[in-house]
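Heads up, the thing below is written out as structure tokens.
Residue numbers (my numbering): -10 to 248.
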């Protein structure tokens, strides 16, 4: 009974390490991320691409109400996987930090600087009693002094920089696809195609334009641009990825998928 009680303490207390050095609540938060629909980031010499699967659970749901990609600043976009409610809190925090930097220093915030501000905030929730970790991972992509940057945040508060990365459901398969098809010499349009192809590789029957969000930050303009459904459809048609009929089999977008 005593051993069982100790196990429950490790299981419930975010501030308590288990004997083998694990924080169970952080690991459970990572599981929440895995059960959210996928988001993908691709860094190319010409800019950064963010794509997010946002297939609806019901044909009655308004597609525009599902937000998986957000503008954090003129030169930064953020995609999420996991609990969208948690993601919105972190994105609001990122926007405030971006504005504070502009007001304080008169210049746009760096991508690495913003990522570390966000991950420092996330990390605080792994060592404070009475709070839980954020059940979301973010992809923070943008252009800093003409150089594209792409970072991932983890529920533990650890930042990682990537050339191409997937978060959320089917991460293993999507990451394998990116590793096999990524090139350091991709154009921005080829980066969009790679992101769409990766999402399609985990879908049956292709993709609908209203079932995916795509945004880019060009190294030339250093501006966040979210692609319209017409633009996305053009890319899908050009790469033979457009679904021939409506796909109603998507997972839950903003809550963990049902078992």
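Heads up, the beta-carbon is just placed ideally off N, CA and C, and yes, glycines get one too.
Everything numeric in this text was worked out from a predicted model, so none of it was measured.
**Asked** Looking at the structure shown, is residue 31 part of a helix, part of a strand, or coil, going by DSSP?
**Response** strand
**Prompt:** Taking Cβ positions, are residue 29 and residue 163 nearer each other than 8 Å?
**Reply:** yes
**Request:** Could you check if residue 41 is buried or exposed, using at least 16 other CB atoms within 10 Å of its CB as the buried criterion?
**Result:** Around the beta carbon of residue 41, 16 or more other beta carbons lie within 10 angstroms, which makes this residue buried.
**Message:** Please identify the residue among 97, 181, 192 whose C-alpha is closest to the C-alpha of residue 63.
**Reply:** 97
**Prompt:** Based on the DSSP output, what are the partners of residue 92 in its beta bridges?
**Reply:** Paired residues: none, contrary to the question.
**Secondary structure of residue 180, DSSP reduced to three states** = helix
**Request:** Using 10 angstroms around the beta-carbon of residue 85, count the other beta-carbons present and answer buried if the total reaches 16, otherwise exposed.
**Result:** exposed
**Asked** When the Cβ atoms of the stretch 132 to 148 are set against those of the stretch 17 to 33, are three or more pairs found closer than 8 Å?
**Response** yes
**Message:** Using a 10 Å radius around the Cβ and a threshold of 16 neighbouring Cβ atoms, would you call residue 137 buried or exposed?
**Reply:** buried
**Prompt:** Just curious, the beta strand (DSSP E) that residue 109 is in, first and last residue?
**Reply:** Looking at the DSSP string, residue 109 is not in any beta strand (DSSP E); the run it does join, the alpha helix (DSSP H), is 100 to 113.
**Asked** So, is residue 251 buried or exposed, given that buried needs 16 or more other C-beta atoms within 10 angstroms?
**Response** The question about residue 251 has no answer, for the chain in this structure spans -10 to 248.
**Message:** List, from N- to C-terminal side, the alpha helix (DSSP H) runs of 4 residues or more that fit wholly inside the stretch 116 to 170.
**Reply:** 160 to 170
**Asked** Are residue 36 and residue 208 touching if we call contact CB-CB under 8 Å?
**Response** Going by C-beta atoms, residue 36 is nearer than 8 Å to residue 208.
**Message:** Going by C-alpha to C-alpha distance, which of 216, 198, 187, 199 sits closest to residue 206?
**Reply:** 216
**Message:** From the DSSP secondary-structure annotation, give me the bridge partner or partners of residue 250.
**Reply:** Outside the displayed range of the chain (-10 to 248) lies residue 250, so it cannot be described from this structure.
**Item:** Residue of 68, 161, 167 minimising C-alpha distance to residue 153
**Value:** Out of 68, 161, 167, 167 has the C-alpha closest to the C-alpha of residue 153.
**Prompt:** So what's residue 12 in DSSP terms, helix, strand or just coil?
**Reply:** Coil, per DSSP.
**Message:** Taking the alpha-carbon of residue 67 as reference, which of 47, 95, 31 has the nearest alpha-carbon?
**Reply:** 31
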